[in-house]
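> Quick one: the structure is below, questions incoming.
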Ligand SMILES: Cc1ncc(COP(=O)(O)O)c(C=O)c1O
């Protein structure tokens, strides 16, 4: 069997043609495709505004920046995420405060958020781990009570729903990633979705140096040379050919999510007969987007031995995630005690990600299952 990765994009000839058309045109960046992509995302999500940028990390960074919080503000987030989530807090000279996760969904625990609030807390960044929305109702209640901003890191959750409403309509700002392992891809890319007009206008500037006119506005016979830099922004622009890829991919998103759900159900059925595998809980009021499929390996299975076995069998298992506080940068700067995050520690010890991507075929998923079943403890 050829190597089976844990995740992979699906780009077809139609996508390639859309990209090629833009490459043959006069606008390959800062052109009309960006707005078209943003409008298509808004139509899909049902939100007012989207600002497309060159990565999910950039989207997180300008989202935090746009809130204009006092330097040193505390922002509560989960340690069980890709480091970009908490890094965005540090980029903006704020302090990440980690709350533990729930032991069954691996999403941030609202009760621990409550315990971590101080007078310096200004925002919460919650992550819809694996594609399952967090306990948004409980988190929103906390935000309302303590007057906190909410950022939803939905890099795993494009197309997911909570209470029958698309993710992108709950937090003040919602972040998406279009990295190739995600639901749709633009190569690299990301977006911030919001329903706040003021934040939208600010984000649009922050992605392009904080300058109030983009190249298109400065082009043509009636345009002036003048522009003003209003904020300390960056160059986080996405290109038009990436946006064209995004528009084309978005048309397939629901089919991709449907396939991800079918594969997850197949795995769930398989694992009913495997004693040492425990599955995460799925809440009744969500549509899961299944960015990744994770399982917990119970005693006496050792996760690292199992990982090595699966890799030897050409199966691209992975571990999502090493808790942020365990990385040497975080240890050196923040020196947190892992004992303060008992659920994260327990889940991290046992978790493994199995391959899941829309193009995964019957033979590959069967192969993964057969290899797991024949694992000798
Ligand atoms: C939860 C989460 N947040 C943020 C990011 C960063 O996104 P990107 O890779 O597009 O910068 C990722 C990407 O893996 C992610 O999984």
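In the working numbering, the protein residues as written are -8 to 368.
Where a beta carbon is used, it is the ideal one built from N, C-alpha and C, also for glycine.
(1) Let me know the secondary structure DSSP gives residue 247 once reduced to three states.
(2) What are the complete alpha helix (DSSP H) segments, minimum 4 residues, inside the segment 174 to 229?
(3) Check each candidate in 124, 79, 86, 109 and name the one with the smallest Cα separation from residue 100.
(4) Rank 28, 202, -6, 162 by C-alpha distance to the C-alpha of residue 128 and give the top, closest one.
(5) Sort out for me which residues DSSP pairs residue 309 with in a bridge.
(6) Is DSSP giving residue 349 helix, strand or coil here?
(7) Tell me the rounded alpha-carbon separation between residue 250 and residue 264.
(8) In whole angstroms, give me the CA-to-CA distance for residue 82 and residue 353.
(9) Determine which residues share a DSSP beta bridge with residue 165 and list them.
(10) Let me make sure I understand the geometry here. Which of 28, 150, 6, 223 has the alpha-carbon closest to that of residue 57?
(11) For residue 152, verify whether its CB is less than 8 angstroms away from any heavy atom of ligand 1.
(12) Residue 272: buried (16+ other C-beta within 10 angstroms of its C-beta) or exposed?
(13) Have a look at the DSSP bridge pairing and note the partners of residue 74.
(14) Which one of 205, 97, -8 has the shortest CA to CA distance from residue 371?
(15) Relative to the C-alpha of residue 180, which residue among 235, -4, 278 is closest?
(16) List the DSSP bridge partners of residue 327.
(17) Quick one: is residue 188 buried, meaning 16 or more other Cβ sit within 10 Å of its Cβ, or exposed?
(18) Have a look at 84, 346, 211, 67 and flag the residue whose alpha-carbon is nearest the alpha-carbon of residue 59.
(19) Considering only residues of the segment 9 to 46, which uninterrupted beta strand (DSSP E) runs meet the minimum length of 3 residues and lie entirely inside it, listed in chain order?
Concretely, from the data shown:
(1) In this structure, residue 247 counts as helix in the three-state DSSP scheme.
(2) Whole alpha helix (DSSP H) segments, 4+ residues: 188 to 197.
(3) Out of 124, 79, 86, 109, 124 has the C-alpha closest to the C-alpha of residue 100.
(4) Of the candidates 28, 202, -6, 162, the residue whose Cα lies closest to the Cα of residue 128 is 162.
(5) Bridge partners of residue 309: 344.
(6) DSSP places residue 349 outside both helix and strand once states are collapsed to three, so it counts as coil.
(7) Rounded to the nearest angstrom, the two C-alpha atoms are 23 angstroms apart.
(8) Straight-line Cα distance between these residues: approximately 43 angstroms.
(9) In DSSP, residue 165 forms a bridge with 143, 184.
(10) Nearest of 28, 150, 6, 223 to residue 57, Cα basis: 223.
(11) Look at residue 152: its beta carbon is at least 8 angstroms from all of the heavy atoms in ligand 1.
(12) Taking all protein chains shown into account, residue 272 has fewer than 16 neighbouring C-beta atoms within 10 Å of its C-beta and is therefore exposed.
(13) Partner(s): none; residue 74 has no beta bridge.
(14) Nothing in the structure corresponds to residue 371, since the chain is present only between -8 and 368.
(15) Nearest C-alpha to residue 180: 235.
(16) Answer is none; residue 327 lacks a bridge partner.
(17) Counting of Cβ neighbours within 10 angstroms places residue 188 among the exposed residues, the total staying below 16.
(18) Ranking the options by Cα distance to residue 59, first place goes to 84.
(19) The segment 9 to 46 contains these whole beta strand (DSSP E) runs: 40 to 44.
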